[in-house]
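What follows is a short report on a single structure.
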Amino acid sequence: MEFPKPCTFPAADAARVAEQLLAVSRTRHLKPRPSALARALADAAARAAADGEPWEWTVEAA
46 MEFPKPCTFP AADAARVAEQ LLAVSRTRHL KPRPSALARA LADAAARAAA DGEPWEWTVE
106 AA
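Residue numbers 46 to 107, in the working numbering, belong to the letters of the sequence shown in order.
Okay, here's the thing in structure tokens:
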């Protein structure tokens, strides 16, 4: 299986994405596992934004 290339967001965009992911993670109708994933991604994006660094993530096989 081929995975997409890494996705990079500038720090300012990472801050906005973090807010959106946090809101998604708090949605009542979202199951626990996807909610936890959204929260983990939100935390990572927020850390990158706070450090003024671009946020990069990739999809990997589990």
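Cβ atoms here follow ideal geometry from the backbone N, Cα and C, with glycine treated the same way. What you are looking at is a predicted structure, and each value in this text was computed from that prediction instead of being measured.
Item: Proximity of residue 57 and residue 90 at Cβ, strictly below 8 angstroms; Value: no
Item: Residue span of the beta strand (DSSP E) that contains residue 101, given as start and end; Value: 100 to 102
Item: Those residues which DSSP pairs with residue 72 across a bridge; Value: In the DSSP output, where bridge partners are listed per residue, residue 72 has none listed.
Item: Buried or exposed by the 16-neighbour rule on C-beta atoms within 10 Å, applied to residue 100; Value: buried
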